[in-house]
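Note that this note's numbering has the sequence shown beginning at 2, numbered continuously upward.
Just so it is clear, CB atoms sit at the ideal spot from N, CA and C, and this is done for glycine as well.
Keep in mind the model is a prediction, meaning the values are calculated, not measured.
Down below is the structure, laid out as structure tokens.
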Amino acid sequence: DFGGNDNRGALNLWQKDFWIYRNYKSIMHYLYTWDNDLNYSDGDNGPRDFDDWGNFDYSFFKDTNFNYPPG
2 DFGGNDNRGA LNLWQKDFWI YRNYKSIMHY LYTWDNDLNY SDGDNGPRDF
52 DDWGNFDYSF FKDTNFNYPP G
């Protein structure tokens, strides 16, 4: 299981998580949200790079009913 990078502690050089997750070049990483041509990672960028494409749960979109407004 990938620990994820849903935090803003990886945005600056002086933050530990910046160095831990720097190879995870994905729209899912706050550091690369606008730098990555709006793409997901394929896991080929070295250590701590998560394969977004290989881990999508397509059944979520197929079997989920969204209602707006909620209620």
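Notebook entry, point to check: So the alpha helix (DSSP H) I28 belongs to, where does it begin and stop?
Noted result: Here residue 28 refers to the residue found at position 27 of the sequence shown. Unbroken run through I28: none, as it is neither H nor E.
Note to self: For a quick check, are the C-beta atoms of A11 and L32 less than 8 Å apart?
What the structure shows: Within the sequence shown, the letter at position 10 stands for residue 11. Within the sequence shown, the letter at position 31 stands for residue 32. Cβ distance < 8 Å, so A11 and L32 count as in contact.
Check: Excluding the five sequence neighbours on either side, which residues of its own chain have a C-beta within less than 7 Å of the C-beta of G44, listed in chain order?
Finding: In the sequence shown, residue 44 corresponds to position 43, counting from 1. The answer, listed in chain order, is D50, F51, D52, G55.
Check: In angstroms, rounded to a whole number, what distance separates the CA positions of P70 and W15?
Finding: For this step, residue 70 is matched to residue 69 along the sequence shown. For this step, residue 15 is matched to residue 14 along the sequence shown. The straight-line gap separating the alpha-carbon atoms of P70 and W15 is approximately 42 Å.
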